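In UniProt numbering, the protein residues as written are 1 to 378.
The beta carbon of each residue, even a glycine, is placed where N, CA and C say it ideally should be.
From a predicted model like this one, the values you see are computed outputs, not experimental measurements.
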């Protein structure tokens, strides 16, 4: 590992922003100082230096592997292309969100999940990755094969996070059936086909939920895997999650659910695209509204990796009560802490030297350079 000094930077530290420098030794942050560095280093020309971003939930990998209906790309090629985009977005730690469980209408990857997981392990073994890759299994509860799939996966590979996802129409994210019809029409299906499929999902959803959800919770606890709920909408949803030992609430759809999660000690995560666009594409509560109520802990890029750095800087501009260090923490320290990663997430001596150089161009934060454990990766 190469030692280096990053000089003349605007450092976003946990509690303040200061002009200064940062020294890296053996992949760790060795020292941080104000003013110019005592030794010559890389001049960042006043650009911001923030911790490497930590991404907990991105749906982006599958779009590289399945870019078109019935089209599959080379698994290793897909994984490496995805990794390159992740790193170029300033993300140095990513939980690869892999969907476990086949959708009743035939969508989803099903057994092909293992091909992607195998490609990820191949890339890790060959040291091909730019970012640090961990695993987030997005478990589709209303699925006939989700339990067998998760058991098989956890027997083969380490998992850092399991989310309990129920996209049954008529509740949670899709409590507005018309919004669901619009979402389902993306694949070009007719409204008659969509309505028939919706009726099937509603009919089977409750039966699968009663069996699969407790089984997934037990499995996660057996393996010591952090649990996330998904699209909590009602107080009953949050109460269920609290009883299951859920640590992270992904994308609560209502203000009351977010408030209840916070009162239960559950970390609240919202989508960065929601914040940038000014609201949810499904008509649910806006991320900015939660931020103004002090209920936003973590941001996720969801389906646009580049949204993470944009949302973090934008959050401090949109909500006057949130400082830039607090906004940056929503994409660094807070997601790291929520998943038990204590060695990263902040610019502080002794932590991993995961750093991102950011310049504002016409008010838009642009990632210029990225280091992971002191090594330049983008």
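Between residue 308 and residue 228, the CB-CB gap reaches or exceeds 8 Å. With contacts defined as CB atoms closer than 8 Å, residue 300 and residue 64 fail to qualify as a contacting pair. In summary, residue 342 is exposed, with fewer than 16 beta-carbon neighbours lying within 10 Å of its beta-carbon over all protein chains present. Going by beta carbons, residue 47 and residue 372 fall outside the 8 Å limit. Rounded to whole angstroms, the gap between the alpha carbons of residue 146 and residue 159 is 15 Å.
Look at residue 86 here: in three-state DSSP terms it is helix.
In this structure the region 352 to 368 does not touch the region 66 to 75; the number of beta carbon pairs closer than 8 Å is below three. Under the Cβ criterion (8 Å, minimum of three pairs), the region 88 to 105 counts as touching the region 137 to 152.
Sorting 88, 273, 316 by C-alpha distance to the C-alpha of residue 292 places 316 at the top. For residue 74, no beta strand (DSSP E) segment is defined, and its DSSP state is neither H nor E.
With three or more CB-CB distances shorter than 8 Å, the region 72 to 84 counts as touching the region 114 to 131.
Taken through DSSP and simplified to helix, strand or coil, residue 271 comes out as strand. The C-beta separation of residue 210 from residue 238 comes to about 19 Å, leaving the pair out of contact by the 8 Å criterion. Judged by beta-carbon spacing, residue 255 lies beyond the 8 Å limit of residue 267, meaning their Cβ atoms are not closer than that value. Residue 281 is classed as exposed because its beta carbon has fewer than 16 other beta carbons within 10 Å across all chains shown. Residue 92 is positioned such that its CB atom lies no closer than 8 Å to that of residue 331. Look at the UniProt domain "Amidohydrolase 3" (242 to 377) and you find these whole runs of beta strand (DSSP E), each 3 residues long or longer: 248 to 250, 267 to 271, 298 to 300, 355 to 361, 364 to 372. In the structure shown, the three-state DSSP call for residue 102 is coil. For the 8 Å CB-CB criterion, residue 220 and residue 339 do not form a contact. Beyond the five residues adjoining it in sequence on each side, residue 244 comes within less than 7 Å, by CB distance, of 217, 227 in the same chain, given in chain order. Around the beta carbon of residue 364, fewer than 16 other beta carbons lie within 10 angstroms, which makes this residue exposed.
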